[in-house]
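Heads up, the thing below is written out as structure tokens.
The following block contains the structure:
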């Protein structure tokens, strides 16, 4: 489970950095690397799913303490 948490955290950080670049510089790193096609949509989907998993891990951590 710890490995899944780390993978999810990495993808969530990548998503956060991408949103930061969009907000500050109007530059979308994912689209710059992968284009605006299906691959970029897959990356966005993975980041969204890992964000949801992190929410679940957060609440699970709160309940255990």
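Residue numbers (the working numbering): 378 to 442.
Note that the Cβ used here is the ideal one computed from N, Cα and C, for glycine as well.
Note to self: Rounded to the nearest angstrom, what separates residue 391 and residue 436 at their Cα positions?
What the structure shows: Their backbone Cα atoms lie some 22 Å apart in a straight line.
Note to self: Between the alpha carbons of residue 382 and residue 419, how many angstroms are there, rounded?
What the structure shows: 20 Å
Next item on the list: Using 10 angstroms around the beta-carbon of residue 387, count the other beta-carbons present and answer buried if the total reaches 16, otherwise exposed.
Entry: Counting every other CB atom within 10 Å of its CB across the protein chains shown gives residue 387 a total below 16, marking it as exposed.
Next item on the list: State the CB to CB distance for the pair residue 428 and residue 389, rounded to an integer number of angstroms; the pair is presumed to be in contact (CB under 8 Å).
Entry: 5 Å
Item checked: Cβ neighbour criterion (16 or more within 10 Å) applied to residue 441 -> Flag for residue 441 reads exposed.
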